[in-house]
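These notes concern the structure reproduced below.
In UniProt numbering, the protein residues as written are 1 to 382.
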C-alpha cells in the first residue's frame with residue numbers, strides 16, 4: 001500500500017509534499033524524496049541558486065544537494081494532493097486544481113532531510129524529562145553548531161541564505177543531522193549592498209517577521225529621510241510604533257515584530273514576556289537615537305551581514321523554549337543570552353556570524369565535556 005501524500009511545508013512560492021509527487025517525463029528513484037510544486041519560472045530560478053550553493057558547499061555540509069526539476073505527472077492522486085496546498089491553490093488555481101491549470105507549474109524533486117525545526121520543536125514540548133530525551137536534546141544542540149558554521153561558510157563566499165526561519169531548517173533525529181533548505185531568496189552580498197545603496201531594493205520596503213526591524217531604513221533614501229529627523233521626531237516615531245504595536249497593529253512593521261515575538265517568547269510566562277519585549281524595544285530605540293547619515297555604509301553592511309544570524313537566533317530560541325524542561329537551567333539561560341544578542345533590535349550591538357559562533361561554542365564546551373572545536377570545526381564528540 002502506497003504512503004499517503006501529505007503537505008509538509010508551504011511558503012510564498014511553493015508547496016512541499018511527502019512522499020514526492022511523480023515526474024511526467026523522467027525516470028528516477030523516489031525513495032526518501034519530497035517534491036516542491038511551484039511556478040516553472042520560480043523552479044528555474046531556484047535551480048540557479050542551488051548551483052551557486054553546490055559550488056560553495058561541495059561536500060554538502062549544510063544542504064541536502066541540488067534537486068531535479070520536471071513537469072508533474074498530473075494523476076488524480078496528484079491533483080488531490082495539490083488541493084491540500086492552501087496557499088498555492090488559492091493563489092494560482094482559485095481553489096480548484098485542474099490538469100490544464102498546471103501547465104505553468106513544475107516540481108523540484110529533492111532529498112528528504114527530516115522535519116523542519118518548527119515541527120521538531122513542537123514535538124519536544126510533549127516529551128517527559130528522562131535520560132533518553134535529555135540526551136537527545138543535547139545531541140541536537142551540538143549538531144546545531146553546523147548551522148552557525150554554515151552561515152560563516154556562506155559569508156566567506158559572499159552569499160546570504162536570506163530567509164532563515166524554523167521552517168527553512170530541517171533536522172533528522174535518526175541521523176542527528178541539520179540542513180538548510182529553500183534557497184529561493186538567496187543573495188550575493190555585494191550585489192545586495194549595491195542595489196540597496198542605490199535605493200532599488202524593493203524587498204526592504206516591506207516588513208518580514210524573520211528580518212530585523214532596521215530593514216525599513218536600508219534603502220539609502222529611507223535612511224537619509226530618517227536621519228534628518230530631530231531627536232524629538234525620532235521619539236515620536238518610536239512612540240507611534242509602540243502605540244500601534246499595543247493597540248492597533250495597522251502597520252506591517254508592528255505585525256511583523258509581534259509575530260517575531262511569538263517565536264522568541266513561546267512558552268514563556270507573561271512577566272518574562274514583558275521583560276523580553278521591553279529589552280528588544282529599548283534596544284530598538286537606542287539604535288534609532290544613534291543612527292547618523294555619516295554611518296550609512298557601516299549600517300547597511302552590518303545589517304546585510306547579520307540578517308542570516310538574526311534568523312538563526314530566532315529559530316534556535318524557539319526550539320529552546322520548547323525543550324527547556326529537558327535541559328540544565330544554566331545552559332538555557334546562557335543560550336537565551338546568546339540568541340538574544342543574535343537578534344538584538346539594535347544593529348550596532350547585534351552579533352555578527354563570528355561573534356555568534358564563538359559564543360555558542362563557549363556554551364557547548366563549558367557544559368559538554370566531550371565537545372571541542374578547532375577553527376570552528378567539531379573535533380570531538382563522544
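Beta carbons: idealized from backbone N, C-alpha and C, even for Gly.
| query | result |
| --- | --- |
| Minimum C-alpha distance to residue 33 - residue among 58, 47, 3 | 3 |
| Extent of the continuous beta strand (DSSP E) run through residue 34 | 33-39 |
| Coil, strand or helix - residue 198 by DSSP | coil |
| Buried or exposed by the 16-neighbour rule on C-beta atoms within 10 Å, applied to residue 194 | exposed |
| Every unbroken beta strand (DSSP E) within the region 102-157, with a cutoff of 3 residues, ordered by chain | 105-111 |
| Reduced DSSP secondary structure (H/G/I, E/B, other) of residue 374 | strand |
| For residue 206: DSSP bridge partner residues | BP columns for residue 206 are empty, so no partner. |
| CB contact flag (residue 72, residue 123, <9 Å) | no |
| With 16 other Cβ atoms within 10 Å as the buried cut-off, status of residue 1 | Its pLDDT being 43, under 50, residue 1 is placed unreliably in this model, and the value from its coordinates should be taken loosely. Burial call: exposed. |
| Closest residue to residue 20 among 59, 69, 48 (Cα-Cα distance) | 69 |
| Residue 283 versus 59, 146, 214, residue with shortest Cα-Cα distance | 214 |
| Within 9 Å, strictly: CB atoms of residue 205 and residue 219 | yes |
| Residue 73 - DSSP class collapsed to helix/strand/coil | coil |
| Three-way DSSP call (helix, strand, coil) for residue 230 in this model | coil |
| Beta carbon of residue 338 nearer than 9 Å to that of residue 360 | yes |
| Rounded straight-line distance, which links the Cα of residue 318 to that of residue 262 | 9 Å |
| Buried/exposed call for residue 326, threshold 16 Cβ in 10 Å | buried |
| Inter-residue spacing [alpha-carbon to alpha-carbon] between residue 82 and residue 296 | 46 Å |
| Distance between residue 89 and residue 259 (C-alpha atoms, nearest Å) | 24 Å |
| As assigned by DSSP and simplified to three states, the class of residue 311 | helix |
| Coil, strand or helix - residue 1 by DSSP | In this prediction, residue 1 has a pLDDT of 43, which is less than 50 and means its spatial position is unreliable; nothing more can be read from the coordinates. |
| Uninterrupted beta strand (DSSP E) stretches inside the region 318-375 (no shorter than 3 residues) | 372-374 |
| Reference residue 67, options 358, 47, 141, closest by Cα | 47 |
| Option in 227, 131, 145 with minimal Cα separation from residue 363 | 145 |
| Beta-carbon proximity of residue 180 to residue 168, cut-off 9 Å | yes |
| Residues sharing a beta bridge with residue 180, DSSP | 169 |
| For residue 219, the three-state DSSP class (helix, strand or coil) | coil |
| Host beta strand (DSSP E) of residue 388 (start-end) | Past the boundaries of the shown model lies residue 388; the chain is included only from 1 to 382, so the question cannot be answered. |
| Option nearest residue 11 by Cα separation, candidates 182, 365, 347 | 182 |
| Other residues of its chain near residue 139: CB distance less than 7 Å, five sequence neighbours each side excluded | 176 |
| Coarse secondary structure for residue 302, derived from DSSP in three states | helix |
| Residue 100 versus residue 154: straight-line alpha-carbon distance, rounded | 40 Å |
| Residues near residue 56 in its chain [Cβ-Cβ closer than 6 Å; skip 5 each side] | 157 |
| Buried/exposed call for residue 346, threshold 16 Cβ in 10 Å | buried |
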